[in-house]
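Structure first, then comments.
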Amino acid sequence: MNLAELNKIAEAMVAPGKGILAADESSGTIKKRFDAIGVESTEDNRRDYREMMFRSSDAMSKCISGVILYDETIWQKAKDGTPLVDIIKKSGSIPGIKVDEGTKPLPNCPGELITIGLDKLADRLTKYYEQGARFAKWRAVIDIGAGIPTHSAIHANAHALARYAALCQAAQIVPIVEPEVLMDGDHDVDRCHAVSEWVLKETFQELYYNRVALEGIVLKPNMAVSGKKSAKKASVEEVAEKTVRMLKNCVPGAVPGIAFLSGGQSDEEATAHLDAMNKIGNLPWKLTFSYGRALQAAPQKAWSGKSENVAAAQRAFTHRAMMNGLASLGQWKQDLEKKAA
Ligand code: 13P
Numbered sequence: 022m023n024l025a026e027l028n029k030i031a032e033a034m035v036a037p038g039k040g041i042l043a044a045d046e047s048s049g050t051i052k053k054r055f056d057a058i059g060v061e062s063t064e065d066n067r068r069d070y071r072e073m074m075f076r077s078s079d080a081m082s083k084c085i086s087g088v089i090l091y092d093e094t095i096w097q098k099a100k101d102g103t104p105l106v107d108i109i110k111k112s113g114s115i116p117g118i119k120v121d122e123g124t125k126p127l128p129n130c131p132g133e134l135i136t137i138g139l140d141k142l143a144d145r146l147t148k149y150y151e152q153g154a155r156f157a158k159w160r161a162v163i164d165i166g167a168g169i170p171t172h173s174a175i176h177a178n179a180h181a182l183a184r185y186a187a188l189c190q191a192a193q194i195v196p197i198v199e200p201e202v203l204m205d206g207d208h209d210v211d212r213c214h215a216v217s218e219w220v221l222k223e224t225f226q227e228l229y230y231n232r233v234a235l236e237g238i239v240l241k242p243n244m245a246v247s248g249k250k251s252a253k254k255a256s257v258e259e260v261a262e263k264t265v266r267m268l269k270n271c272v273p274g275a276v277p278g279i280a281f282l283s284g285g286q287s288d289e290e291a292t293a294h295l296d297a298m299n300k301i302g303n304l305p306w307k308l309t310f311s312y313g314r315a316l317q318a319a320p321q322k323a324w325s326g327k328s329e330n331v332a333a334a335q336r337a338f339t340h341r342a343m344m345n346g347l348a349s350l351g352q353w354k355q356d357l358e359k360k361a362a
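Just so you know, we're using our numbering here: the sequence shown kicks off at 22 and counts up by one.
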């Protein structure tokens with residue numbers, strides 16, 4: 022393992038003013054997104070849609086440090102025959118790859134899931150590296166409900182994340198470590214805070230036992246937010262303050278950066294929360310975005326599967342990327358949203 026090189030990539034992924042585009046929706050998830058805009062999920066449509074974003078040159082070169090791809094996309098070519106990976110690289114952005122293989126029910130833990138995909142992962146990582154991937158992603162899912170999460174589920178998922186991270190670093194690939202505590206449910210922000218802290222503590226303990234070099238990872242956590250069905254919604258300031266406190270208690274300063282998932286927050290909420298955290302300032306790591314839905318909802322709607330809408334969709338994508346780029350510096354203002362509307 023060349024740690025200096027891994028660290029250089031991790032630092033580039035969280036470079037000031039930039040964040041990550043999570044475009045790694047599985048076939049099932051992208052079908053759901055396309056159903057919502059009345060587009061058939063064919064291989065060509067998925068290619069055209071993603072090509073539209075990767076060719077948004079302003080957004081890509083100024084605000085997007087890296088793109089997480091799904092297996093299908095990393096091998097795909099644009100309409101004109103250029104590999105999509107080359108379009109991403111040419112814009113100055115780094116290609117990355119989702120390597121987990123989804124979730125399965127965790128035996129003896131009703132309602133809880135374990136992320137799978139460790140078997141043969143070393144071989145897959147070698148192939149992805151040859152194809153240009155310099156970072157990877159693995160998502161663990163923790164749900165909050167009556168009697169859950171259990172320690173068994175948190176521990177099993179943290180262990181899998183750490184095994185994955187160690188394999189990535191051995192293959193000279195920076196692991197994005199993503200332990201996601203879901204915002205589904207009616208729990209309040211304090212319960213989310215407490216569970217997320219537990220999950221992060223366990224994750225870093227397992228990273229340590231598996232000898233993962235923290236200088237060569239990027240953490241992708243959820244924020245401390247109220248559940249979607251909670252009666253009381255935490256304010257932007259409360260989310261920012263509680264999330265930063267949680268991270269300071271759990272994430273060593275050796276980690277170069279933290280790139281949040283959006284997890285079902287609205288576009289503007291995800292931007293406002295990130296901005297408010299960076300306005301607090303004086304943090305030991307970079308705080309940025311690795312958003313899927315919060316970057317793509319607007320361009321998806323604007324595109325709606327029609328080639329004549331590509332320019333409008335690229336404008337919508339560029340706007341969200343710019344807003345989040347500013348939020349990663351703590352320089353976003355709400356009136357910038359209105360000006361673009
Ligand atoms: P969301 O921002 O839509 O939560 O997606 C990010 C991601 O990569 C989830 O694994």
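Yeah, the Cβ is synthetic: ideal placement off N, Cα and C, and Gly gets one too.
Here the structure is a predicted model, which means the values were calculated and not measured.
- Nearest to residue 192 by C-alpha distance, out of 252, 151, 161, is 151.
- As DSSP reads the structure, residue 160 sits in a beta bridge with 199.
- When the five nearest sequence neighbours on each side are left out, the beta carbons in the same chain lying within less than 8 Å of the beta carbon of residue 171 are those of 130, 133, in order along the chain.
- The Cβ atoms of residue 239 and residue 60 lie no closer than 8 Å to each other.
- Counted as a single uninterrupted DSSP element, the stretch harbouring residue 91 is not any beta strand (DSSP E), since DSSP gives it neither H nor E.
- One thing to note: residue 87 has its Cβ no nearer than 8 Å to the Cβ of residue 51.
- With a cut-off of 7 Å, the C-beta of residue 166 is classified as distant from the ligand 13P, since no heavy atom of the ligand falls inside that distance.
- The C-beta of residue 257 has fewer than 16 other C-beta atoms within 10 Å across all chains shown, which makes the residue exposed.
- Across the structure, residue 342 and residue 106 are spaced so that their CA atoms are roughly 19 Å apart.
- Burial check for residue 255: the Cβ neighbour count within 10 Å reaches 16 or more, so the residue is buried.
- Secondary structure of residue 346 (DSSP, three-state): helix.
- Short note on residue 284: C-beta closer than 7 Å to some heavy atom of the ligand 13P.
- Along the length of the region 89-140, whole beta strand (DSSP E) runs at least 3 residues long occupy 115-119, 124-126, 134-136, reported in chain order.
- Annotation: residue 142 to residue 253 spans about 42 Å, alpha carbon to alpha carbon.
- For residue 224, the enclosing alpha helix (DSSP H) covers residues 210-230.
- In the DSSP assignment, residue 309 forms a beta bridge with 280.
- DSSP places residue 40 inside the beta strand (DSSP E), whose first and last residues are 40-44.
- For residue 315, the shortest separation between its Cβ and any heavy atom of the ligand 13P lies below 7 Å.
- Separation of residue 347 and residue 289 (C-alpha to C-alpha, rounded to the nearest whole angstrom) is 12 Å.
- A Cβ-Cβ distance of about 5 Å is found for the pair residue 284 and residue 204, placing them in contact under the 8 Å criterion.
- A distance below 8 Å between beta-carbons, with the five flanking residues on each side excluded, links residue 279 to the following residues of its chain, in chain order: 35, 239, 240, 241, 242, 268, 272, 306, 307, 308, 309.
- The alpha helix (DSSP H) runs lying completely inside the region 165-193 and spanning 4 residues or more are 172-191, given in chain order.
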